[in-house]
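Participant: If you number the sequence shown the way my numbering does, the last residue is 429 and the count never jumps. Idealized CB from N, CA, C, for every residue including glycine. Every value quoted in this text rests on a predicted model; they were computed, and no experiment measured them. Before I ask anything, here is the structure I am working with.
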Amino acid sequence: MKHLKLTDVQQKKFLEPNHIHKKTIEITRDDGSKLSLPAFRVQYNNARGPYKGGIRYHPQADEDEVKALAALMAIKTAVVNIPFGGSKGGIQVNPKELSKKEVEAISRAYVRAFVDNIGPDIDVPAPDVNTNPDIMAWMRDEYEKATETYAPAVITGKPLSYGGSVGRDTATARGAFFILQELVEREGFDPKELRVVIQGFGNAGAHMAENLHGAGYTIVAISDSHGGIYGEEGLDPVRIAKYKKKTGSVSGEYCEGSVCDIEKMKMDNVRQVSNEELLELPCDILIPAALDSVITEKNADKIHAKIVLEIANGPTTPEADAILDKKKIKVVPDVLTNAGGVTVSYFEWSQGKSGEQWTESQVDDELKRIMIDAYREVSREAHREKLTYRQAAFVVGLKRIVEAMKVRGWL
Ligand code: GLU
C-alpha cells in the first residue's frame, strides 16, 4: 500500500468491499426434508468494470473467506488488465454429500437469492472450487427465467453447447503454463531438467500436469484430496488421469483405499505420499493447485523448490511468504499465475455480448499475449522496486484500480 501514496481515508475506502450480500437458501432434499444453507456474494470493487468472480461450494466458505477471495479477484483482473472488477460467491455446503438433483436445486436457489445483484453488466459469476459448467448452465437458465431476458453473458464457464467458449475449461492451467514457460526461458533453465510436484488434480492441476509433461518437464509427484504418489523418475499424468477417472484417486493404478500393490509400486519405482509430505519433496517447481493456506509457517522451512507457482487461490500464508522469501524461493503469486481462467472468462463474456465465436487458436494466442504482458509488467515492477513478485503484482493491480477510482471521483 505504501507504494501507492494514498491517504488514510483513501486506503480505508479500498480496504472494505463495496457490498456484502448474505442470504439463507433453502431446498427440499430428495427424501422430502428441508435443507437451509448460508450463501454469499461479496462485491469488492467495480471501478474498472462489472464485478467478476467465481462461486464455490465448500463447507468452509464463509463471509471472511469469500471476502478475501473477492479482493484477490479485483487485483487479479487488474493485473491482467481486463475490464472487470472483483467479486466472489459461495455456498457453505459439501456438495459431495448431495445428489445431482440437489446440487441443481441449490444452484438455482442461489441465483434466485442474488438475482438483483448479478447481471451481464453488474456482476458476472463463474466456476470455482466444486462448481462446473453444468452448474453454470443451470444458473444462466435460472437467471434468464427470473428476468425474462436472453443473457448469455450473465455467467462464464458455461458448457460449449450453451454459450461457453472454447478453451475455458483448460484456461487456468494454460495461463499458468505460459507464465512458467516465460520464467523458465528468462532464467535460462531447460524444462527437461526440471522436476515438478503438483498438489491437486482437479481441473487446473490435471491440465497443468498434461501441459508440462507435453513440454518435457518431469513430474515427480501428484496428489488429490485422498493423497498422492511420488516417482523420482517421473510420472505419466495422462495415465494417472485415466486411473483417476476409473477409481476416483490419482494412486488408483496401485491402491484401493489404503491397500496398495507394493510389488507393482516397487517395479514402477513409485511410492504413496500424504499431501503434507508432498509439499516437502525435493523438486525444482512446486505447484499448489488445490485449496488455500497449505504452505504455512509450519512447513515453509521444509520446502525445497526453487519456484512456487500458485495455481490455487491463497495457498501461501503471509508468514510462510516471508520464510520463502528469506530462503530465496521465487513465489509466482496466484493473482498472476491463475488469471488465465478469468481471462478466458472475459473472452467468453465478450462472445456472449457480441454473438461472435472465437476459434481455439484465437483464444490461445490472445491468452498467451495477455499472460506474458502481465508477467513482464510484474517482473519489471519487482526488479525496479526490489519487491517480491506478490508485492509487485499487488502494486501493478492496485495502481490500475486506484487510477480508475480517481477518474470516477471515488477517491
Ligand atoms: N474462479 C476462478 C478464479 O478464481 C475464475 C473466475 C472467473 O472466471 O470469473 O480466478
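What is the residue span of the beta strand (DSSP E) that VAL291 lies within?
Facilitator: 289-291
Participant: Identify, in the order they occur along the chain, each residue of the same chain with its Cβ nearer than 7 angstroms to the Cβ of ARG408, setting aside the five sequence neighbours on each side.
Facilitator: Excluding residues within five positions, the ones whose Cβ falls inside 7 angstroms are ASP339, VAL349, PRO351.
Participant: Round the Cβ separation of ILE5 and TYR128 to the nearest angstrom and send it over; I've been treating them as touching at under 8 angstroms.
Facilitator: Because the chain here runs from 19 to 429, residue 5 falls outside it and cannot be looked at.
Participant: Any heavy atom of the ligand GLU closer than 7 angstroms to the CB of GLY182?
Facilitator: no
Participant: Please say whether PHE32 and LYS70 have beta carbons closer to each other than 8 angstroms?
Facilitator: no
Participant: Tell me, to the nearest whole angstrom, how far the beta carbon of VAL9 is from that of ALA164; I am working on the premise that it is less than 8 angstroms.
Facilitator: Because the chain spans 19 through 429 in this model, residue 9 falls outside it and cannot be assessed.
Participant: Locate the beta strand (DSSP E) running through HIS39, then write down its first and last residues.
Facilitator: Residues 37-46.
Participant: Which term fits GLU403, buried or exposed, when burial requires 16 or more other beta carbons within 10 angstroms of its beta carbon?
Facilitator: In this structure GLU403 is exposed. Its beta-carbon is surrounded by fewer than 16 other beta-carbon atoms within 10 angstroms.
Participant: My guess is that SER174 and ARG186 are in contact by the Cβ rule of under 8 angstroms, so how many angstroms apart are they, rounded?
Facilitator: A small fix is needed here, since residue 174 is Thr in this sequence, not Ser. About 7 angstroms separates the Cβ atoms of THR174 and ARG186, confirming a contact at the 8 angstroms cut-off.
Participant: Flag this pair as touching only if the stretch 380-400 and the stretch 88-99 have three or more C-beta atom pairs under 8 angstroms; answer yes or no.
Facilitator: yes
Participant: Would you kindly work out how many angstroms separate the C-alpha atoms of VAL76 and GLU122, rounded to a whole number?
Facilitator: This sequence places His at residue 76; Val is not what is there. Rounded to the nearest angstrom, the two C-alpha atoms are 15 angstroms apart.
Participant: What residues are listed by DSSP as bridge partners for ALA127?
Facilitator: Note: ALA127 sits in no beta bridge, so no partner.
Participant: By a C-beta neighbour count over all protein chains shown, 10 Å radius and 16 as the cutoff for buried, is GLY218 buried or exposed?
Facilitator: buried
Participant: Please report how far the alpha carbon of SER183 lies from the alpha carbon of MET157, in whole angstroms.
Facilitator: Taking the straight line joining both Cα atoms gives about 16 angstroms.
Participant: CB of SER241 to nearest heavy atom of the ligand GLU: below 7 angstroms?
Facilitator: no
Participant: Could you tell me whether the Cβ atoms of LEU342 and ALA307 are closer together than 8 angstroms?
Facilitator: Cβ distance not < 8 angstroms, so LEU342 and ALA307 don't count as in contact.
Participant: Helix, strand or coil: which one does DSSP assign to ALA96?
Facilitator: The answer is helix: DSSP assigns ALA96 an H, G or I state.
Participant: Helix, strand or coil for LEU385? Go by DSSP, reduced to three states.
Facilitator: helix
Participant: What number of angstroms, rounded off, separates the C-alpha of ARG47 from the C-alpha of GLY234?
Facilitator: 48 angstroms
Participant: Could you round the C-beta distance between LEU212 and ILE140 to whole angstroms and report it? I think they count as a contact, below 8 angstroms.
Facilitator: About 43 angstroms separates the Cβ atoms of LEU212 and ILE140, ruling out a contact at the 8 angstroms cut-off.
Participant: I want to check one thing, is the minimum distance from the CB of THR334 to the heavy atoms of the ligand GLU below 7 angstroms?
Facilitator: no
Participant: With C-beta atoms as the reference, is ASN331 less than 8 angstroms away from LEU90?
Facilitator: yes
Participant: May I have the straight-line CA-CA distance separating ASP438 from THR265, to the nearest angstrom?
Facilitator: This structure cannot speak to residue 438, because the chain is shown only from 19 to 429.
Participant: By the three-class DSSP mapping on this structure, what secondary structure does ALA239 have?
Facilitator: If DSSP states are grouped into helix, strand and coil, ALA239 belongs with the strands.
Participant: Can you tell which of ALA222, PRO170, TRP367, PRO177 has the C-alpha that lies nearest to the C-alpha of ALA194?
Facilitator: ALA222
Participant: If you draw a straight line from the alpha carbon of ALA191 to that of GLY427, how long is it in whole angstroms?
Facilitator: One Cα belongs to ALA191, the other to GLY427, and the distance between them is close to 37 angstroms.
Participant: So what's VAL312 in DSSP terms, helix, strand or just coil?
Facilitator: Judged by DSSP in its simplified three-state form, VAL312 adopts coil rather than helix or strand.
Participant: Kindly indicate which three-state DSSP category ASN221 falls into: helix, strand or coil?
Facilitator: helix
Participant: Please tell me whether, using a cut-off of 7 angstroms, the distance from the CB of SER311 to the nearest non-hydrogen atom of the ligand GLU is below it.
Facilitator: Outside the cutoff, so no.
Participant: Classify ASN287 as buried or exposed, calling it buried when 16 or more other Cβ atoms lie within 10 Å of its own Cβ.
Facilitator: exposed
Participant: Could you name the residues of the same chain whose beta carbon sits closer than 7 angstroms to that of ALA92, not counting the 5 residues immediately before and after it, in chain order?
Facilitator: TYR62, ASN63, GLY103, GLY104, ILE419
Participant: According to DSSP, what are the bridge partners of PRO145?
Facilitator: ILE73
Participant: Cutting at 8 angstroms between CB atoms, please list the residues of its own chain near ASN135, excluding the five before and the five after it.
Facilitator: HIS37, HIS39, ARG59, GLN61, ASP141
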